[in-house]
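Participant: Questions regarding the structure given below will be posed in turn.
What follows is the structure, given as structure tokens:
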């Protein structure tokens, strides 16, 4: 097995009720970009956590450079030359860039020397970064640079990247790829996790495809069509959502000059946002995470209050009304975070139905709750949206991400909203559920509701929106018809390359 | 190695079993403690838990159960509302004292007039006193973002000093030959919180506690406000999304718990205690915290837990006089109960597993 | 008792003494909170330290052994909190309260034989030349060792948090425990160590009250000092240097009101003795507007699920 940097044989890891990885085997060669492809829940994360020493496999073995490799903890992985760029959860907001980098290193030099090295590396690879800035104030793209630099400073032999492009604009993705190609030219192998097929075709030398915890195939992406890979990944084809032609009605919701400071220390302020959505129309709002999506949803849902006329629903200023009053007037919302925001994890589905539907669906009288009616409405949601659950009394946290998301969207859709705002409606949801949710949004619009879909998934937005715009640092771009938009145009609307530059060779 | 594994949803069975398990473990550890103190552990445990209920002098102790249990239940019901919403009123002891002072103050102000309106006025004043004392941490929290735990607790010490000042000054009995303490309200018919049925221990405070239990039960299970309280405690962001106004909830929870604690203090000073004195407060406000948790913040649970805790007070006194068990041992015993309860509570949400040896 | 006059030099000197117990306890809690754990059991750990220190000092005749025992007792009690919150994943607020209630009960039981006894005296560190400087000498250079220990601890903790690797990791755990775990740091182990350190410091603070400040044993003698120490951490915005400043302010208020009492001022004693608690509330009001400095993971339960 010469040339193999890391080979994995029969790795298995089971969690209660689910086998996350079932005898997974594959090998990465030195200096190649190897893709790990699979749907959400296919077991990609568990697999890389085992390679990085965060999770111990139940059985199976790994070899690195021909020697047995079984890291007990990330520290051991790092000293063996394995580094990882995380998708979430690995930066410390209140600390400086240099401190964040130091925390990811085994034996960091003194902070001053480290700062110099950070500047050098960021210069070489085209990732400009000030070592003394506080990480909480950085954009998503800049935060990723911190992670990458943290890895590069340790001269890794294998760099694991978990969904690195989900936080980047198309232009930034190009620059990242240039950096990665430079690294592979220096002999570094990259394990690249993604479910974006075009990216993998552009970047990767080999791909291993996972489905439901098992290796279902390997391919050479450049020689394989995206469609063929998608079929291996998903297992069967899904019907693309059907769009009925529809006539647009009068303006349902209008936002004019909405500016809001963010309550959180590291949030994004909304700056002079204006748009209008007509009845029957779907407005897609794209943008890289952390550019004001959560804040915009909060401003629309009523969790954050604005001046009365900044938001007008059918002509009436509702900027100062709270969530309950807005719901009563027909403006419903579904936030991105399912557990803890859109639903209470430890409460039953029935109780979670009451969360937003109490007043609109007549689930209470004089403040006293009608639990029977609530249960009936919950059953209706479960049936209409094919929510897989043992019953309406099950706690929300016991449902899978996709099923809970179907419940959350179903809860709002079935209340017959006049305006529905959703944020990341299919994030972390399997393809079948995602298709169902998109179809439900389109059906809602076909029946005359105005739909605002905030998402970071450009394919999704292109699929369902009539018009498209993007959030960038709290500002909204111009709004353009979705049909016929090019990737370059979309990228520029999202803010271009945010000052990144191509690697200096 | 033992390993914790999160359950898909909270276990119903363990929700009910954990308090019982905690009581059993505490009894075993308590027996060991008493043995270590050189007392017969079996005798000590039976003296505490059996004698007051079924012993020779049970006819005397059983009413005591209601007298000691009522303030505990009344205060704990109020606290449980806040605890469920993540609003921590730790200063019930202070609100209890102030309720007693305002309640007794109204009574003493009317002395020696006799009228049926005096007692109801005292009840209102007691509730108001506790309410206003709890409004201080509430308003400071909303206006300045101060931590209600620390402020309400500091106010306990302030209330204790105020109590001393009143007992020695303003409210001192002018006919008390210079001894500290107020007039005895038990000798002032219009202000006396007397037993409703002689020898039963049943006074107005017991009635109030029962009403509070029923009120809390309906609130939490049937009313949108109770739902919002539970929601805020479990998922604060979801609560704001649902339209809950956190400020209102802070005012309601702190206000209600303060008013109930004030009521408890008022019923105590006008009845069992009889007068405002320096050592009027005996820690009900703190023990009620244990009661609230032991009752799983559930109204019916709190009722049972309050009676159990009252039993340890009475049995403890009995063990003190019969077996010479130190008073502190009972205090420790109560503290242990809360400890073990919190420790076994993990079983409600997690499963304990023996992890398999690693297969290489 | 001097009537009508308060000697400012003595006032400042006794301020240093009055500040020491809450300074020690607050420094310990500062480290615990920087690690992301809120331990409300400071009062309980202090009173356990007070009785452990007192009992050992009386029985061995050695105040030094007393302080060692106090640190040990405080740490041992905090271990219970660590087990509850880090292994049984119990609510930190409830566990801290349990610790206080339990500690008060246990200390009362342990202290039964010690009421009314005098502890062995502790020599003051009379620094020959410096101690003779007028004004500054008695204020700064004529105290017992623990006062200087407290001051040293302020500097040590400040330097540890700011410059050392251990301090960086501790802050990281308090800031984002999921990220720290993902990088391979042992979140639970680090937090348990921080909790034990906090317990030991609280124990020392308690023993300082029973062995030096009062010095004798009475039930519940810490009288809220542990809670004031908790408030002090908020006041200090989680910075070691400002804990010292805060401790001196509280020490000053305590000493001043005692002096006013002794001076026989017209206000009843009960009202004067409210002042430390009222000042605490006032300080909380002033300082709480800016909560941005609080460690982001403070009070949150950590369970490495996957």
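Chains as they are written, first to last, in the UniProt record's numbering: chain A, 1 to 505; chain B, 1 to 360; chain C, 1 to 306. Quick reminder that beta carbons are idealized off the backbone N, C-alpha and C, glycines included.
#1: In the stretch 228 to 251 of chain B, which residues sit with their C-beta less than 9 angstroms from some C-beta in chain A, listed in chain order?
#2: Would you please state the rounded distance, in angstroms, between the beta carbons of residue 65 (chain B) and residue 310 (chain B)? I believe it to be under 8 angstroms.
#3: What are the uninterrupted segments assigned as alpha helix (DSSP H) that are 4 or more residues long and contained completely in the stretch 6 to 55 of chain B, given in chain order?
#4: Alpha carbon to alpha carbon, what distance is there between residue 205 (chain C) and residue 54 (chain C)?
#5: Just to confirm the assignment: which complete beta strand (DSSP E) runs, minimum length 3, are found wholly within the stretch 75 to 135 of chain A?
#6: Strictly under 7 angstroms for the Cβ-Cβ distance: is residue 7 (chain A) near chain B by that measure?
#7: Short of 7 angstroms Cβ to Cβ, which residues in the stretch 372 to 406 of chain A face chain F?
#8: Is there a C-beta anywhere in chain A that falls below 7 angstroms from the one on residue 8 (chain B)?
#9: Quick one: complete alpha helix (DSSP H) runs, 4+ long, within the stretch 228 to 264 of chain C?
#10: Using 8 angstroms for Cβ pairs, my map puts residue 202 (chain C) next to residue 46 (chain C). What's the rounded Cβ distance?
#11: Helix, strand or coil, according to DSSP, for residue 26 (chain A) in the structure here?
#12: How would you call residue 328 (chain A), buried or exposed, if buried means at least 16 neighbouring beta carbons within 10 angstroms?
#13: Does any C-beta atom of chain B lie closer than 7 angstroms to the C-beta of residue 484 (chain A)?
#14: So, does the CB of residue 287 (chain A) fall closer than 7 angstroms to a CB anywhere in chain B?
#15: Answer yes or no: do residue 182 (chain B) and residue 114 (chain B) have a C-beta to C-beta separation smaller than 7 angstroms?
#16: At 9 angstroms on the CB atoms, spell out the chain B contacts of residue 303 (chain C), in chain order.
#17: Using a C-beta to C-beta distance shorter than 9 angstroms, which residues of chain B count as neighbours of residue 323 (chain A)?
#18: With which residues is residue 469 (chain A) paired in a DSSP beta bridge?
#19: Look at residue 214 (chain A) and residue 22 (chain A) and say whether their C-beta atoms are less than 7 angstroms apart.
#20: I'd like to know if residue 60 (chain B) contacts chain C, where contact means its C-beta is closer than 7 angstroms to some C-beta of that chain.
#21: Report the neighbours of residue 90 (chain A) on chain C: residues whose CB is nearer than 7 angstroms to its CB, in chain order.
#22: Got a sec? Which residues, its chain only, sit under 6 angstroms from residue 300 (chain C) by beta carbon, not counting five neighbours each side?
#23: Near residue 72 (chain A), what residues of its chain come up, given a Cβ to Cβ distance below 8 angstroms and the 5 sequence neighbours on each side ignored?
#24: Using the beta-carbon of each residue, which ones in chain A are nearer than 8 angstroms to residue 143 (chain B)?
#25: Residue range of the beta strand (DSSP E) that residue 423 (chain A) falls in?
#26: On the DSSP letters alone, give me the boundaries of the beta strand (DSSP E) that residue 254 (chain A) sits inside.
#27: So the beta strand (DSSP E) residue 15 (chain A) belongs to, where does it begin and stop?
#28: Would you identify the three-state DSSP class for residue 204 (chain A), choosing helix, strand or coil?
#29: Just to confirm before moving on: does the CB-CB distance between residue 349 (chain A) and residue 392 (chain A) stay below 7 angstroms?
#30: For chain B, find out if any of its Cβ atoms is closer than 7 angstroms to the Cβ of residue 294 (chain A); answer yes or no.
#31: Quick check on this structure: which residue in C:261, C:165, C:198 has the alpha carbon closest to the alpha carbon of residue 107 (chain A)?
#32: Could you check if residue 44 (chain A) is buried or exposed, using at least 16 other CB atoms within 10 Å of its CB as the buried criterion?
#33: Got a sec: is the Cβ-Cβ distance from residue 223 (chain B) to anything in chain A below 7 angstroms?
#34: Is it buried or exposed, residue 466 (chain A), if we count other Cβ atoms within 10 angstroms and call 16 or more buried?
#35: Give the DSSP bridge partners of residue 364 (chain A), in chain order.
#36: Assess, as a yes-or-no matter, whether the stretch 146 to 154 of chain A is touched by the stretch 77 to 87 of chain A under the definition of 3 or more beta carbon pairs within less than 8 angstroms.
Facilitator: Judging by the given coordinates:
#1: So the list reads 230, 231, 234, 235, 236, 237, 238, 239, 240, 241, 242, 243, 244, 245, given in the order they occur along the chain.
#2: Contact annotation, residue 65 (chain B) with residue 310 (chain B): C-beta distance approximately 5 angstroms; criterion of less than 8 angstroms satisfied.
#3: With a minimum length of 4 residues, the continuous alpha helix (DSSP H) runs that stay inside the stretch 6 to 55 of chain B are 12 to 36, 41 to 49, 51 to 54.
#4: Between residue 54 (chain C) and residue 205 (chain C), the C-alpha separation is close to 12 angstroms.
#5: Entirely contained in the stretch 75 to 135 of chain A, the beta strand (DSSP E) runs reaching 3 residues are, in chain order, 82 to 85.
#6: No, its Cβ sits nowhere closer than 7 angstroms to a Cβ of chain B.
#7: Structure shown: chain F not included; protein chains present are A, B and C.
#8: Chain A contact via Cβ: present.
#9: List check, alpha helix (DSSP H) in window: 240 to 262.
#10: Yes, residue 202 (chain C) and residue 46 (chain C) are in contact; Cβ-Cβ is about 5 angstroms, under 8 angstroms.
#11: Per DSSP, reduced to three states, the secondary structure at residue 26 (chain A) is strand.
#12: Exposed, by the Cβ-count rule.
#13: No, no contact with chain B.
#14: Chain B, which has no Cβ nearer than 7 angstroms to the Cβ of residue 287 (chain A), makes this no.
#15: For the 7 angstroms CB-CB criterion, residue 182 (chain B) and residue 114 (chain B) do not form a contact.
#16: Going along chain B in sequence order, the residues near residue 303 (chain C) (Cβ under 9 angstroms) are 4, 6, 350.
#17: Here the neighbours are 240, 241, 242, 243, 244.
#18: BP columns for residue 469 (chain A) point to A:285.
#19: A contact, by the Cβ cut-off of 7 angstroms.
#20: So no, residue 60 (chain B) is outside the interface.
#21: Below the 7 angstroms Cβ cutoff, chain C contributes 179, 182, 183 as neighbours of residue 90 (chain A), in chain order.
#22: For residue 300 (chain C), same chain residues with a beta-carbon under 6 angstroms away, outside a window of 5 residues either side, do not exist.
#23: These residues qualify, in order along the chain: 53, 56.
#24: Residues of chain A with a Cβ closer than 8 angstroms to the Cβ of residue 143 (chain B) do not exist; the shortest Cβ-Cβ separation is about 17 angstroms.
#25: Start and end: 419 to 423.
#26: For residue 254 (chain A), the enclosing beta strand (DSSP E) stretches over residues 251 to 260.
#27: From DSSP, the beta strand (DSSP E) with residue 15 (chain A) extends over 4 to 15.
#28: Three-state result, residue 204 (chain A): coil.
#29: Between residue 349 (chain A) and residue 392 (chain A), the C-beta spacing is below 7 angstroms.
#30: Taking 7 angstroms as the CB threshold, residue 294 (chain A) stays off the interface with chain B.
#31: Residue 107 (chain A) has its Cα closest to that of C:165, out of C:261, C:165, C:198.
#32: In summary, residue 44 (chain A) is buried, with 16 or more beta-carbon neighbours lying within 10 Å of its beta-carbon over all protein chains present.
#33: It does: the Cβ of residue 223 (chain B) has a partner Cβ on chain A nearer than 7 angstroms.
#34: Looking at its Cβ environment, which holds 16 or more other Cβ atoms inside 10 Å, residue 466 (chain A) is buried.
#35: Answer by DSSP bridge pairing, in chain order: A:369.
#36: The stretch 77 to 87 of chain A vs the stretch 146 to 154 of chain A: in contact.
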